[in-house]
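There are 2 protein chains.
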Amino acid sequence: MRILITSGGTSEKIDDVRAITNHSSGKLGKAIAESFAKEDVVIDLITTRNAVKPEGKTIHFHLIDSTADLERTLKDLMTVNTYDAVIHSMAVSDFTPESSVTLEDLESAIAKEPADLPKALVDIANERTEKKISSDTDHLVVVLKKNPKIISLIKNLQPKTILVGFKLLVDVPMIELLNVAKASLEKNHADFILANDLAEIRDEKHHGYLINKQHKVKEAHTKTEIAELIKEEVMKLEEVK
Amino acid sequence: MRILITSGGTSEKIDDVRAITNHSSGKLGKAIAESFAKEDVVIDLITTRNAVKPEGKTIHFHLIDSTADLERTLKDLMTVNTYDAVIHSMAVSDFTPESSVTLEDLESAIAKEPADLPKALVDIANERTEKKISSDTDHLVVVLKKNPKIISLIKNLQPKTILVGFKLLVDVPMIELLNVAKASLEKNHADFILANDLAEIRDEKHHGYLINKQHKVKEAHTKTEIAELIKEEVMKLEEVK
Numbered sequence: 002m003r004i005l006i007t008s009g010g011t012s013e014k015i016d017d018v019r020a021i022t023n024h025s026s027g028k029l030g031k032a033i034a035e036s037f038a039k040e041d042v043v044i045d046l047i048t049t050r051n052a053v054k055p056e057g058k059t060i061h062f063h064l065i066d067s068t069a070d071l072e073r074t075l076k077d078l079m080t081v082n083t084y085d086a087v088i089h090s091m092a093v094s095d096f097t098p099e100s101s102v103t104l105e106d107l108e109s110a111i112a113k114e115p116a117d118l119p120k121a122l123v124d125i126a127n128e129r130t131e132k133k134i135s136s137d138t139d140h141l142v143v144v145l146k147k148n149p150k151i152i153s154l155i156k157n158l159q160p161k162t163i164l165v166g167f168k169l170l171v172d173v174p175m176i177e178l179l180n181v182a183k184a185s186l187e188k189n190h191a192d193f194i195l196a197n198d199l200a201e202i203r204d205e206k207h208h209g210y211l212i213n214k215q216h217k218v219k220e221a222h223t224k225t226e227i228a229e230l231i232k233e234e235v236m237k238l239e240e241v242k
Numbered sequence: 002m003r004i005l006i007t008s009g010g011t012s013e014k015i016d017d018v019r020a021i022t023n024h025s026s027g028k029l030g031k032a033i034a035e036s037f038a039k040e041d042v043v044i045d046l047i048t049t050r051n052a053v054k055p056e057g058k059t060i061h062f063h064l065i066d067s068t069a070d071l072e073r074t075l076k077d078l079m080t081v082n083t084y085d086a087v088i089h090s091m092a093v094s095d096f097t098p099e100s101s102v103t104l105e106d107l108e109s110a111i112a113k114e115p116a117d118l119p120k121a122l123v124d125i126a127n128e129r130t131e132k133k134i135s136s137d138t139d140h141l142v143v144v145l146k147k148n149p150k151i152i153s154l155i156k157n158l159q160p161k162t163i164l165v166g167f168k169l170l171v172d173v174p175m176i177e178l179l180n181v182a183k184a185s186l187e188k189n190h191a192d193f194i195l196a197n198d199l200a201e202i203r204d205e206k207h208h209g210y211l212i213n214k215q216h217k218v219k220e221a222h223t224k225t226e227i228a229e230l231i232k233e234e235v236m237k238l239e240e241v242k
């Protein structure tokens, strides 16, 4: 059995010294990788420099920074290997910086009433020659553009792989969390979604709901429990395929 | 002898899952701390979770995330302890997120021609109830406001301490780097500024210029050399004080 796991959080450059990062310790991804490694499953792990690293001699590491890196690495790996399952636990930035300008730049752009304001700001940013944005302004304006949704690529690349997606919300009612997870499951043709709420994650305590295609929900309360639950459910589905 | 070192890079929250981070491995701060620890100097080290940690039994750690945390911790420590020197090598974010809105929000705010656009955007952001910004928009606009300059606080708190500041630029001519460092030295009443250029930093290779109040410049070519140079110059100045 060969699987692909993504873990950690992406980081999107603003300039040569600043970036927008998605918080993720990589601890859950580590637990999942170690859980599969115990079964001698061959694992390709796409992760980041700062994420904690799992141990296991069947784990192959692929380090990335940004969402664009992730997309490239994922496509490369899914072109050369066939995966029985893809477990996409990485916290991927939904947006990437497109332009950074001063408030004065923004106001002068607005005064010209451009048809496409984001494009006008990109032009202003491109005219600037410094590689590090000057701190000589009271307000800085960073415009971000939407990143492609990485999870939606996976079933296009390998329709037969078992896809486990993740949905993290912050302090929402359980019913909302499950509904958002169900919508993500359907939209991305996932086999499972692990739904969790940042308000219910603290150290090893980690409350998660694993939802399958039949909308059955199983619960887990720690990172180790979540990792074991995902492994069991993926291996069960793999057997009956 | 007791000194205060800051090391690593700050991280400024955009929302509960995203932050703007300043790149800094903490490797130079680690080298500096270890260099002073060899001389049995007592060290308070303000650093971040992700920064590499120095070893030394005279080092006391103080972990922070944001520039606001840094300001609080630095003021607290400089109130209770007297430092012979403060070595401020942390990469501090010049800006912190003030509001995050969609492009549509920005455009509707502009249409109302507010006297204070940043304030109007703060009001819009405050009306939003979700704790994680929805990804359901093509462009996100993050407005950042200027942070207080931490380095300028140090000599106000302890005029007699020896202050070592850092200036990092990206791919500029050497003469510009030295001029910017000189300006920072005077503005912040620093005793030394370590000037360096990101284009000349790669792994252990790290080109730095240490400028003193008499504008004399000494050069170093690795992190270890920079750390030793700073230690020697600080201890020499401490002796004649």
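Sequence lines, in order, name chains A and Z. Quick note: the first sequence uses the working numbering, first residue 2, plus one each step. Quick note: the second sequence uses the working numbering, first residue 2, plus one each step. The C-beta atom is built at its ideal place from N, Cα and C for all residues, glycine as well. Since this is a predicted model, take the numbers as computed values, not measurements.
- Counting only residues of its own chain and dropping the five nearest sequence neighbours on each side, Val-53 (chain Z) has a CB closer than 7 Å to the CB of Ser-26, Gly-27, Lys-28, Lys-31.
- Under a 10 Å Cβ-count criterion, Ser-109 (chain A) is classified as exposed, with fewer than 16 other Cβ atoms of the shown protein chains found around its own Cβ.
- Put simply, the CB of Ser-109 (chain Z) is far from chain A, with every gap to its CB atoms at 9 Å or more.
- Within the same chain, Val-144 come within 6 Å of Pro-119 (chain A) by CB-CB distance, once the 5 residues on both sides are set aside.
- For the C-beta of Asn-51 (chain A), the chain Z residues within less than 7 Å are, from N- to C-terminus, Asn-51.
- Annotation: Asp-85 (chain A) has no Cβ neighbours in chain Z at a cutoff of 9 Å; minimum Cβ distance is about 29 Å.
- Interface flag for His-222 (chain A) against chain Z is unset, since no Cβ pair is found closer than 9 Å.
- Neighbours of Ala-92 (chain A) across chain Z, judged by C-beta separation under 8 Å: Val-18.
- Of all residues in the region 123–155 of chain Z, the ones placed with a Cβ closer than 7 Å to any Cβ belonging to chain A are Lys-132, Lys-133, Ser-136, Asp-139, His-140, Leu-141, Val-142, Val-143, Val-144, Leu-145, Lys-146, Lys-147, in chain order.
- By the C-beta criterion, the region 6–19 of chain Z is judged not to be in contact with the region 181–198 of chain Z, since fewer than 3 inter-stretch pairs fall below 8 Å.
- The C-beta distance from Thr-59 (chain A) to Ala-38 (chain A) rounds to 5 Å, short enough to meet the 8 Å contact threshold.
- Approximately 5 Å separates the beta-carbon atoms of His-61 (chain Z) and Asp-45 (chain Z); this is inside 8 Å, confirming the contact.
- Taking 9 Å as the cut-off, the beta carbon of Tyr-210 (chain A) is found closer than this to the beta carbon of Leu-195 (chain A).
- Straight across, the Cα-Cα distance linking Lys-219 (chain Z) with Ala-126 (chain A) is about 36 Å.
- Between His-63 (chain Z) and Thr-80 (chain Z), the C-beta spacing is not below 9 Å.
- Sequence-ordered contacts of the region 181–206 of chain A with chain Z read Leu-199 [C-beta pairs closer than 7 Å].
- For Asp-198 (chain A), the enclosing beta strand (DSSP E) starts and ends at 193–203.
- Listed in chain order, the non-local C-beta contacts of Lys-147 (chain A) below 7 Å within the same chain comprise Asp-95, Phe-96, local neighbours out to five positions each way being set aside.
- Under the DSSP assignment, Lys-14 (chain A) falls in the beta strand (DSSP E) whose first and last residues are 12–14.
- Contact annotation for Ile-65 (chain A) against chain Z: no contact, minimum CB-CB distance about 16 Å [criterion: below 9 Å].
- For the pair Arg-129 (chain Z) and His-222 (chain A), the Cα-to-Cα distance works out to about 30 Å.
- Under a 10 Å Cβ-count criterion, Ser-136 (chain Z) is classified as exposed, with fewer than 16 other Cβ atoms of the shown protein chains found around its own Cβ.
- DSSP places Lys-120 (chain Z) outside any beta strand (DSSP E); the residue lies instead in the alpha helix (DSSP H), whose first and last residues are 118–128.
- What Asp-95 (chain Z) touches in chain A, judged by beta-carbon distance under 7 Å, is Ser-136, going in chain order.
- Residue pairing by DSSP places Gly-209 (chain Z) opposite Z:Asn-197, Z:Ala-221 in a beta bridge.
- By alpha-carbon distance to Asp-172 (chain A), the top candidate from A:Leu-186, A:Ile-163, A:Glu-201 is A:Glu-201.
- Considering only beta carbons, the part of the region 21–33 of chain Z lying closer than 7 Å to chain A consists of Ile-21, Thr-22, Asn-23, His-24, in chain order.
- Counting only unbroken stretches of 4 or more residues, the alpha helix (DSSP H) elements lying wholly within the region 54–94 of chain Z are 68–81, in sequence order.
- Listed along chain Z, the residues sitting closer than 9 Å to Ile-15 (chain A) by beta-carbon distance are Ile-21.
- Distance from the Cα of Val-87 (chain Z) is smallest, within the candidate group Z:Thr-162, Z:Ala-228, Z:Ser-153, for Z:Thr-162.
- In this model, Thr-103 (chain A) and Ser-90 (chain A) are separated by some 35 Å (Cα to Cα).
- Taking a Cβ-Cβ threshold of 7 Å, the residues of chain Z close to Pro-119 (chain A) are Leu-104, His-140, in chain order.
- Straight through space, the alpha carbons of Asn-197 (chain A) and Leu-169 (chain A) are spaced by roughly 5 Å.
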